[in-house]
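Data block below; observations after.
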Amino acid sequence: MSPVSLPTTVRPNQPLAGLTSWKVGGSAEYLAQPCSVDQLVNVVQWAVAMGLSIHPIGAGSNLLVSDEGVQGLSLGLRRLQGVRFDPTTGLIESYAGEPLPTLARKAARAGLKGLEWLAGIPGTIGGAVAMNAGCQGSCLAERLVDAELLDPGTGKSWRLREQDMAFGYRHSLLQDMAAAQTPWVVISARLRTSPGHHPQRLLQTIKANLSRRHSTQPCNLPCGGSVFRNPLPMKAGQLIDVLGLKGQRRGDAEISTVHANFIVNRGRAKARHIQALIHLVQDSVMRGKNIPLQTEIKHLGRFDFNQSSPSPVG
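Position one of the sequence shown corresponds to residue 1 (UniProt numbering), numbered consecutively onward.
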């Protein structure tokens, strides 16, 4: 494929580790980081015309990228930012790449209540819609009015209401589409909040939430957020902890000693090291508790999902 055929916003053979919170992974065959909706539509239409698969990436905070890299177009959306408020109705519209902590603070400063819990999630609004992100007993579906989605096949955008998104625990319609070569891409989302509140009180709530997070989660090392879904009503972290798996390492990847449902990169971990720990946990919990743990993180690229009883790797 001739480089002259590339849109100016597309780069071949680009490293992806810097776009993930684990700081691991190989290179993208092609990478685009559009700054506007027009750029987004342009690169997506180019990828479709070239027959390339499309892989949207938000903050990369729940993403494990293969050491072998990723074929097709990796679509980094973090530069697609911007927020609009209606202080009367409390309606917020945010582009997909807006960081959740930033969005929470902007809403609080505008006196809009209801998004304070988002400050503890190191993701973007696009990823939050796709994952139905949640913490502290709240989830994105409870606040979503609708989402604007780009259909790569037609180049058209559609607004889907909350009730059309098939939301569940850490699930949305977009995850069902993820296996498709050209999944729909979040452009923006509209959220409902409660207007007329005191900004400083909302900011104090955010500060308290973040303090709690920093005291209970490993925030000083690269990690990918909660690795496993909670097998409700139980907590994945408690199951892992009771089996004595905290501190287990593969290479520079370690099951956090702060919170057992987190795997941290202590320096030069590879994706294969993190995946080996995921296998170790799943195998141990199944053997010890007869409970299958499903990952909350998403995998991008090629992985061996059939490995069992992993041993330490270097």
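Where a beta carbon is used, it is the ideal one built from N, C-alpha and C, also for glycine.
All figures in this text were calculated on a predicted structure; none of them were measured in a lab.
Taking a C-beta distance under 9 Å as the contact criterion, I255 and V285 do not qualify as a contact pair.
Residue environment for F85: buried (at least 16 other C-beta atoms within 10 angstroms of its C-beta). A straight line joining the alpha-carbon of Q200 with that of I121 spans about 21 Å. Distance between T216 and G69, taken at the CA atoms: about 32 Å. V186 is the residue among V186, L293, L112 whose C-alpha sits nearest the C-alpha of G155. Beta-bridge partners of E93 (DSSP): R84, R190. The beta carbons of P34 and V43 sit about 6 Å from each other, so the pair counts as a contact at 8 Å. Checking the DSSP bridge columns, you'll see H171 partnered with G168. A buried status is given to G97, since no fewer than 16 other beta-carbon atoms sit within 10 Å of its beta-carbon. Here DSSP, grouped into helix, strand and coil, assigns Q71 to strand. Per the DSSP secondary-structure output, L64 pairs in a beta bridge with H299.
With respect to the 9 Å criterion, A108 and I206 are classified as neighbours on the basis of their beta carbons. Secondary structure at H279: helix, using DSSP grouped into helix, strand and coil. Within a 10 Å sphere around the beta-carbon of D146 sit 16 or more other beta-carbons, which makes this residue buried. Within the same chain, L64 come within 6 Å of H299 by CB-CB distance, once the 5 residues on both sides are set aside. Sorting L173, V227, L16 by C-alpha distance to the C-alpha of I278 places V227 at the top.
Per DSSP, reduced to three states, the secondary structure at I125 is helical. Take the alpha-carbon of D151 and the one of P183: they are about 7 Å apart. G288 is not a Cβ neighbour of F262, given a cutoff of 9 Å.
A check of alpha carbon separations from M50 across S36, V10, W22, L202 identifies V10 as the nearest. In the pairwise beta carbon analysis, the stretch 112-128 is classified as touching the stretch 51-61: at least three pairs are separated by under 8 Å. Apart from the 5 residues on each side of it in sequence, W46 sits with its Cβ closer than 6 Å to the Cβ of P7 in its chain, given in chain order. Of L149, G153, E116, the smallest CA-CA separation from L140 is found for E116. Counting only runs of 3 or more residues that sit fully inside the stretch 208-263, the beta strand (DSSP E) segments are 253-255, in chain order. No Cβ-Cβ contact shorter than 9 Å links L100 with A130. Your pair L280 and Q248 checks out as a contact, with CB atoms roughly 6 Å apart and the cut at 8 Å. Inclusion of L19 and S74 in the CB contact set at 9 Å is warranted, their separation being smaller than that value. If you look at N13, you'll find it in the beta strand (DSSP E) that goes 10-15.
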